[in-house]
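J.: The sequence shown begins at 1 in UniProt numbering and counts up one residue at a time.
C-beta atoms are modelled at their ideal positions from N, C-alpha and C, and glycine is treated no differently.
I'd like to ask some things about the structure below.
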Amino acid sequence: MDNQKFIQQAVDLALENVKRGGRPFAALVVKNNEIISTGVNQIKLTNDPTAHAELLALREAGRLLSTPNLEDSRVYASGQPCPMCLAAIRMAGISKVFFAFSNTDAEPFGLSTAKIAELLRVEPQFQEGLEFTQLKSNHCSDLYAIWQRQQ
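This is how it looks when you write it as structure tokens:
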């Protein structure tokens with residue numbers, strides 16, 4: 001694997017995104033030393049808070065490979081993946097992630113997600129500024145069992 005080549009491509013894509021008015025984030029999904037997909041942060045373009053580079057690259061890779069299982073792939077990102085992206089990377093089965101700029105690098109620019117990561121380490125019901133309440137459904141108590149029978 002040419003890790004340095006792929007990380008440079010991620011940074012170059014992020015720079016292009018900045019030049020188009022976007023945020024400085026891009027990501028690649030690479031499998032067998034071949035770029036499967038790329039993504040750039042589109043939050044400003046779409047007003048979608050989930051339009052992160054890594055998520056967009058993962059979605060496209062899954063679509064192109066016709067599977068949500070990307071365990072033989074790697075992610076190369078211009079910035080350290082946020083907790084949401086990291087969760088998606090884990091759910092896709094990816095075990096190798098490379099990034100160019102850390103949360104420490106991003107902090108002076110207001111781009112660090114370290115505080116969010118710290119908050120997420122706390123049990124959901126104790127997270128500052130977030131109220132979690134489980135409400136059971138009166139109409140469907142066996143949703144997961146129904147799903148399992150359909151498999």
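Does the distance from the CB of N41 to the CB of F25 come in under 8 Å?
T.: Closer than 8 Å, so yes.
J.: Can you name, in chain order, every residue of its own chain whose Cβ lies under 7 Å from the Cβ of G21, other than the five neighbours on each side?
T.: Closer than 7 Å at Cβ, skipping near neighbours: K44.
J.: In the DSSP output, which residue or residues are listed as bridge partners for A77?
T.: A77 is bridged to A27 and F99.
J.: Should the segment 80-97 be called in touch with the segment 12-21, which here means at least 3 C-beta pairs below 8 Å?
T.: At 8 Å Cβ cutoff, the stretches do not touch.
J.: Give every residue of the same chain whose Cβ lies closer than 6 Å to the Cβ of C140, excluding the five residues on either side of it in the sequence, and list them in chain order.
T.: Hits under 6 Å: none found.
J.: Which residue wins for smallest C-alpha separation from S73, given the options G79, T50 and A61?
T.: If we check each option's Cα against that of S73, A61 comes out closest.
J.: Can you tell me which of N3, S102, T67 and T38 puts its alpha carbon nearest to the alpha carbon of E54?
T.: Residue T38 is the option with its Cα nearest to E54.
J.: So, with DSSP's three-state summary, where would you put D40?
T.: As written in the sequence, residue 40 is Val, which differs from the Asp given in the question. Three-state DSSP puts V40 in a strand.
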